[in-house]
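Comments concern the structure below.
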Amino acid sequence: MMRTLFRLLGRGVADLFLHPWAQLLSLAAVTLVVFLSGLFLMALATVDAELSASRGETVYQVYWRPGTDMGHVRGQWEEMRHLPWLASVETYSPDEALTALARRMGETAGGAGGGLPGGLDVGFLSGKSPLPPTALLTFAPREADPEKWSADTQAYLKALPGVERVAASPLRDELGKAWRSASRFVIWPTVGFLGVVLALVVGNTVRLTLSTRREEIDILQLVGARNWYIRLPLMVAGALQGLLGGGLACLLLAAVHWRFRTALNVPPLLLELRLPPPEQAALLLAVPVLMGILGSWIAVRSR
(Lines of atoms letter the chains of each structure in order from A; the text may use other names.)
(Lines give C-alpha, C1' and ligand atoms only; values in the text may rest on other atoms or scores of the structure.)
Protein backbone atom coordinates (compact mmCIF):
# COMPACT_ATOMS: atom_id res chain seq x y z
CA MET A 5 0.00 0.00 0.00
CA MET A 6 2.76 2.44 0.94
CA ARG A 7 4.65 1.56 -2.24
CA THR A 8 1.54 2.39 -4.28
CA LEU A 9 1.09 5.65 -2.41
CA PHE A 10 4.67 6.79 -3.01
CA ARG A 11 4.43 5.74 -6.67
CA LEU A 12 1.30 7.88 -7.09
CA LEU A 13 3.01 10.83 -5.42
CA GLY A 14 5.98 10.47 -7.74
CA ARG A 15 3.66 10.25 -10.72
CA GLY A 16 2.03 13.51 -9.62
CA VAL A 17 5.42 15.24 -9.76
CA ALA A 18 6.21 13.68 -13.14
CA ASP A 19 2.80 14.76 -14.51
CA LEU A 20 3.98 18.37 -14.41
CA PHE A 21 6.21 17.59 -17.40
CA LEU A 22 3.73 15.59 -19.49
CA HIS A 23 2.20 18.64 -21.21
CA PRO A 24 4.87 21.30 -20.78
CA TRP A 25 3.19 24.10 -22.73
CA ALA A 26 -0.15 23.69 -21.01
CA GLN A 27 1.54 23.49 -17.62
CA LEU A 28 3.72 26.51 -18.40
CA LEU A 29 0.76 28.63 -19.45
CA SER A 30 -1.18 27.54 -16.39
CA LEU A 31 1.80 28.36 -14.15
CA ALA A 32 2.11 31.79 -15.78
CA ALA A 33 -1.61 32.46 -15.22
CA VAL A 34 -1.43 31.45 -11.55
CA THR A 35 1.73 33.53 -11.03
CA LEU A 36 0.14 36.58 -12.66
CA VAL A 37 -3.06 36.36 -10.62
CA VAL A 38 -1.19 35.88 -7.35
CA PHE A 39 1.24 38.69 -8.23
CA LEU A 40 -1.60 41.13 -8.96
CA SER A 41 -3.26 40.13 -5.70
CA GLY A 42 0.04 40.74 -3.92
CA LEU A 43 0.31 44.20 -5.48
CA PHE A 44 -3.16 44.99 -4.20
CA LEU A 45 -2.21 43.78 -0.71
CA MET A 46 0.98 45.86 -0.88
CA ALA A 47 -1.05 48.96 -1.77
CA LEU A 48 -3.49 48.17 1.06
CA ALA A 49 -0.63 47.73 3.55
CA THR A 50 0.95 51.01 2.41
CA VAL A 51 -2.30 52.95 2.81
CA ASP A 52 -2.95 51.32 6.19
CA ALA A 53 0.54 52.20 7.47
CA GLU A 54 0.22 55.75 6.17
CA LEU A 55 -3.21 56.40 7.70
CA SER A 56 -2.36 54.61 10.95
CA ALA A 57 0.71 56.77 11.50
CA SER A 58 0.10 59.84 13.64
CA ARG A 59 0.13 63.15 11.78
CA GLY A 60 -0.54 65.75 14.46
CA GLU A 61 1.81 67.92 16.45
CA THR A 62 2.67 67.86 20.13
CA VAL A 63 4.70 70.30 22.20
CA TYR A 64 7.05 69.37 25.04
CA GLN A 65 8.26 71.96 27.55
CA VAL A 66 11.40 70.92 29.39
CA TYR A 67 12.40 72.77 32.58
CA TRP A 68 15.81 72.39 34.20
CA ARG A 69 16.48 73.05 37.86
CA PRO A 70 17.39 76.69 38.63
CA GLY A 71 21.13 77.12 38.87
CA THR A 72 21.98 74.23 36.51
CA ASP A 73 25.27 74.82 34.68
CA MET A 74 24.40 76.43 31.30
CA GLY A 75 27.33 74.80 29.53
CA HIS A 76 25.91 71.42 30.39
CA VAL A 77 22.38 72.51 29.42
CA ARG A 78 23.50 73.84 26.02
CA GLY A 79 25.14 70.48 25.31
CA GLN A 80 21.81 68.78 25.99
CA TRP A 81 20.04 71.27 23.71
CA GLU A 82 22.34 70.21 20.87
CA GLU A 83 21.51 66.55 21.54
CA MET A 84 17.79 67.32 21.44
CA ARG A 85 18.07 68.75 17.94
CA HIS A 86 18.71 65.21 16.67
CA LEU A 87 15.59 63.67 18.20
CA PRO A 88 13.35 61.87 15.66
CA TRP A 89 10.27 63.74 14.36
CA LEU A 90 11.48 67.04 15.85
CA ALA A 91 9.85 69.90 13.89
CA SER A 92 11.22 72.91 15.78
CA VAL A 93 13.04 73.76 18.99
CA GLU A 94 13.15 76.98 21.01
CA THR A 95 15.58 77.33 23.89
CA TYR A 96 15.74 79.92 26.64
CA SER A 97 18.50 80.61 29.11
CA PRO A 98 17.33 82.04 32.48
CA ASP A 99 17.94 85.62 31.29
CA GLU A 100 16.24 84.97 27.92
CA ALA A 101 13.27 83.38 29.67
CA LEU A 102 12.96 86.40 31.96
CA THR A 103 13.18 88.82 29.02
CA ALA A 104 10.53 86.88 27.09
CA LEU A 105 8.26 86.83 30.14
CA ALA A 106 8.68 90.56 30.69
CA ARG A 107 7.94 91.27 27.02
CA ARG A 108 4.80 89.14 27.15
CA MET A 109 3.62 90.84 30.35
CA GLY A 110 4.28 94.24 28.80
CA GLU A 111 2.34 93.35 25.65
CA THR A 112 -0.58 92.11 27.73
CA ALA A 113 -0.62 95.21 29.91
CA GLY A 114 -0.19 97.51 26.93
CA GLY A 115 -3.03 95.82 25.07
CA ALA A 116 -5.29 96.38 28.09
CA GLY A 117 -4.30 100.04 28.24
CA GLY A 118 -2.56 99.73 31.54
CA GLY A 119 1.15 99.60 30.69
CA LEU A 120 3.90 100.37 28.26
CA PRO A 121 3.87 98.48 24.92
CA GLY A 122 7.61 98.13 25.05
CA GLY A 123 7.48 95.66 27.91
CA LEU A 124 8.91 95.74 31.42
CA ASP A 125 12.46 96.71 32.32
CA VAL A 126 14.15 93.72 33.93
CA GLY A 127 17.72 94.78 33.27
CA PHE A 128 18.45 94.96 36.99
CA LEU A 129 17.95 91.15 37.18
CA SER A 130 20.51 90.39 34.46
CA GLY A 131 22.57 87.41 35.55
CA LYS A 132 20.30 86.82 38.57
CA SER A 133 17.17 85.49 36.86
CA PRO A 134 15.12 83.18 39.11
CA LEU A 135 13.71 81.34 36.08
CA PRO A 136 15.12 77.96 35.00
CA PRO A 137 16.61 77.10 31.61
CA THR A 138 13.78 76.02 29.32
CA ALA A 139 13.37 74.24 26.00
CA LEU A 140 10.22 74.21 23.87
CA LEU A 141 10.21 71.17 21.55
CA THR A 142 7.60 70.75 18.80
CA PHE A 143 7.26 67.25 17.33
CA ALA A 144 5.31 66.07 14.29
CA PRO A 145 5.47 62.29 14.81
CA ARG A 146 4.37 59.80 12.17
CA GLU A 147 4.27 56.70 14.31
CA ALA A 148 1.94 53.71 14.11
CA ASP A 149 1.89 53.66 17.93
CA PRO A 150 1.94 57.31 19.06
CA GLU A 151 1.25 56.40 22.71
CA LYS A 152 4.44 54.32 22.92
CA TRP A 153 6.42 57.04 21.15
CA SER A 154 5.10 59.67 23.57
CA ALA A 155 5.95 57.55 26.60
CA ASP A 156 9.46 56.84 25.29
CA THR A 157 10.07 60.52 24.48
CA GLN A 158 8.91 61.70 27.91
CA ALA A 159 11.04 59.05 29.61
CA TYR A 160 14.11 60.19 27.65
CA LEU A 161 13.58 63.87 28.43
CA LYS A 162 12.89 63.27 32.13
CA ALA A 163 16.04 61.14 32.42
CA LEU A 164 18.31 63.97 31.24
CA PRO A 165 20.61 65.18 34.07
CA GLY A 166 19.33 68.38 35.65
CA VAL A 167 15.80 68.20 34.22
CA GLU A 168 13.20 69.00 36.86
CA ARG A 169 9.92 68.78 34.95
CA VAL A 170 8.55 67.90 31.51
CA ALA A 171 5.14 69.13 30.35
CA ALA A 172 3.51 67.86 27.13
CA SER A 173 0.46 68.92 25.17
CA PRO A 174 -1.82 66.10 23.89
CA LEU A 175 -1.22 64.90 20.34
CA ARG A 176 -3.98 66.04 17.98
CA ASP A 177 -4.38 63.20 15.52
CA GLU A 178 -8.06 62.76 14.73
CA LEU A 179 -7.54 61.12 11.32
CA GLY A 180 -5.07 58.53 12.63
CA LYS A 181 -7.27 57.66 15.60
CA ALA A 182 -10.35 57.28 13.39
CA TRP A 183 -8.53 55.01 10.93
CA ARG A 184 -6.97 52.86 13.66
CA SER A 185 -10.45 52.30 15.08
CA ALA A 186 -12.04 51.47 11.73
CA SER A 187 -9.20 49.70 9.90
CA ARG A 188 -10.06 46.19 11.12
CA PHE A 189 -13.56 46.60 9.65
CA VAL A 190 -12.08 47.59 6.28
CA ILE A 191 -8.89 45.58 5.80
CA TRP A 192 -9.96 42.03 6.63
CA PRO A 193 -13.24 42.09 4.62
CA THR A 194 -11.21 43.41 1.68
CA VAL A 195 -8.57 40.69 2.14
CA GLY A 196 -11.32 38.07 2.41
CA PHE A 197 -12.96 39.24 -0.83
CA LEU A 198 -9.58 39.21 -2.58
CA GLY A 199 -8.96 35.69 -1.27
CA VAL A 200 -12.27 34.49 -2.74
CA VAL A 201 -11.48 36.04 -6.13
CA LEU A 202 -7.99 34.52 -6.07
CA ALA A 203 -9.38 31.11 -5.14
CA LEU A 204 -11.95 31.13 -7.95
CA VAL A 205 -9.42 32.20 -10.60
CA VAL A 206 -6.72 29.72 -9.53
CA GLY A 207 -9.21 26.86 -9.14
CA ASN A 208 -10.67 27.39 -12.61
CA THR A 209 -7.19 27.73 -14.12
CA VAL A 210 -6.17 24.34 -12.69
CA ARG A 211 -9.41 22.73 -13.88
CA LEU A 212 -8.91 24.09 -17.40
CA THR A 213 -5.35 22.75 -17.44
CA LEU A 214 -6.64 19.28 -16.56
CA SER A 215 -8.95 19.34 -19.59
CA THR A 216 -5.91 18.26 -21.63
CA ARG A 217 -5.97 14.98 -19.66
CA ARG A 218 -9.70 14.35 -19.91
CA GLU A 219 -9.26 11.28 -22.10
CA GLU A 220 -6.66 9.77 -19.77
CA ILE A 221 -8.98 10.23 -16.80
CA ASP A 222 -11.93 8.67 -18.67
CA ILE A 223 -9.86 5.64 -19.69
CA LEU A 224 -8.70 5.07 -16.10
CA GLN A 225 -12.30 5.21 -14.92
CA LEU A 226 -13.38 2.77 -17.64
CA VAL A 227 -10.82 0.18 -16.58
CA GLY A 228 -12.10 0.37 -13.00
CA ALA A 229 -9.51 2.61 -11.30
CA ARG A 230 -10.76 4.07 -8.05
CA ASN A 231 -11.25 7.83 -7.78
CA TRP A 232 -8.55 8.22 -5.11
CA TYR A 233 -6.08 6.41 -7.40
CA ILE A 234 -6.86 8.90 -10.19
CA ARG A 235 -7.12 11.98 -8.04
CA LEU A 236 -4.00 11.66 -5.90
CA PRO A 237 -1.43 12.34 -8.69
CA LEU A 238 -3.58 15.15 -10.02
CA MET A 239 -3.87 16.72 -6.57
CA VAL A 240 -0.10 16.51 -6.08
CA ALA A 241 0.47 18.19 -9.46
CA GLY A 242 -2.14 20.87 -8.65
CA ALA A 243 -0.58 21.57 -5.25
CA LEU A 244 2.90 21.86 -6.76
CA GLN A 245 1.63 24.14 -9.49
CA GLY A 246 -0.06 26.38 -6.92
CA LEU A 247 3.07 26.39 -4.75
CA LEU A 248 5.34 27.26 -7.67
CA GLY A 249 3.00 29.98 -8.91
CA GLY A 250 2.60 31.49 -5.44
CA GLY A 251 6.34 31.29 -4.75
CA LEU A 252 7.27 32.98 -8.03
CA ALA A 253 4.67 35.70 -7.41
CA CYS A 254 6.07 36.35 -3.92
CA LEU A 255 9.60 36.63 -5.35
CA LEU A 256 8.38 39.11 -7.97
CA LEU A 257 6.56 41.06 -5.27
CA ALA A 258 9.72 41.23 -3.14
CA ALA A 259 11.70 42.42 -6.18
CA VAL A 260 9.15 45.17 -6.90
CA HIS A 261 9.22 46.27 -3.26
CA TRP A 262 13.03 46.36 -3.24
CA ARG A 263 13.19 48.34 -6.49
CA PHE A 264 10.36 50.84 -5.90
CA ARG A 265 10.19 51.01 -2.09
CA THR A 266 11.13 54.68 -1.97
CA ALA A 267 9.92 55.71 -5.44
CA LEU A 268 6.91 57.55 -3.97
CA ASN A 269 8.76 58.93 -0.95
CA VAL A 270 8.91 62.42 -2.43
CA PRO A 271 6.77 65.52 -1.75
CA PRO A 272 3.84 65.77 -1.71
CA LEU A 273 3.20 61.99 -1.43
CA LEU A 274 5.93 60.90 1.02
CA LEU A 275 4.81 57.27 0.76
CA GLU A 276 7.02 54.25 1.41
CA LEU A 277 5.81 50.97 -0.06
CA ARG A 278 5.11 48.33 2.58
CA LEU A 279 5.04 44.57 2.10
CA PRO A 280 1.85 42.84 3.27
CA PRO A 281 2.00 41.56 6.85
CA PRO A 282 3.00 37.88 7.26
CA GLU A 283 -0.55 36.59 7.78
CA GLN A 284 -1.67 38.20 4.51
CA ALA A 285 1.45 37.14 2.62
CA ALA A 286 0.82 33.54 3.74
CA LEU A 287 -2.50 33.65 1.85
CA LEU A 288 -0.58 34.21 -1.39
CA LEU A 289 0.94 30.75 -0.93
CA ALA A 290 -1.84 28.91 0.88
CA VAL A 291 -4.73 29.83 -1.44
CA PRO A 292 -3.06 28.67 -4.71
CA VAL A 293 -1.96 25.39 -3.09
CA LEU A 294 -5.40 24.65 -1.62
CA MET A 295 -7.22 25.61 -4.82
CA GLY A 296 -4.78 23.53 -6.87
CA ILE A 297 -5.74 20.52 -4.74
CA LEU A 298 -9.47 21.34 -4.80
CA GLY A 299 -9.50 22.05 -8.54
CA SER A 300 -7.81 18.70 -9.23
CA TRP A 301 -10.30 16.92 -6.97
CA ILE A 302 -13.32 18.46 -8.70
CA ALA A 303 -11.90 17.73 -12.17
CA VAL A 304 -12.46 14.00 -11.60
CA ARG A 305 -16.17 13.17 -11.62
CA SER A 306 -17.28 10.77 -8.93
CA ARG A 307 -18.66 7.44 -10.12
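Every position in the sequence shown, counted from 1, becomes a number in my numbering once 4 is added. Don't be surprised by glycine CBs; every beta carbon is placed ideally from N, CA and C. What you are looking at is a predicted structure, and each value in this text was computed from that prediction instead of being measured.
Straight across, the Cα-Cα distance linking Q158 with S185 is about 25 Å.
If you draw a straight line from the Cα of S56 to the Cα of T194, it is about 17 Å long.
The Cβ atoms of L252 and T95 do not sit closer than 8 Å to each other. In the three-state reduction of the DSSP assignment, L164 falls in the coil class, being assigned neither a helical nor a strand state. Counting C-beta atoms within 10 angstroms of its own C-beta, L202 has 16 or more neighbours from the protein chains shown and is therefore classed as buried. Here R230 carries a coil assignment [DSSP, helix/strand/coil].
Taking a cut-off of 8 Å on C-beta distances, the stretch 273-286 touches the stretch 40-52, as three or more cross pairs fall below it. Looking at the DSSP output, T35 shares a beta bridge with no other residue. Selection P137, L294, H261 evaluated against N208 yields L294 as nearest (Cα-Cα). Boundaries of the beta strand (DSSP E) harbouring W68: 62-68, taken from the DSSP string.
Look at the beta carbons and you see the stretch 244-259 touching the stretch 13-33: at least three pairs across the two are nearer than 8 Å. Counting only the Cα atoms, E220 lies some 15 Å from A241.
Only residues of its own chain outside the window of five on either side were considered, and among them P98, D99, L102 have a CB closer than 6 Å to the CB of S133, listed in chain order.
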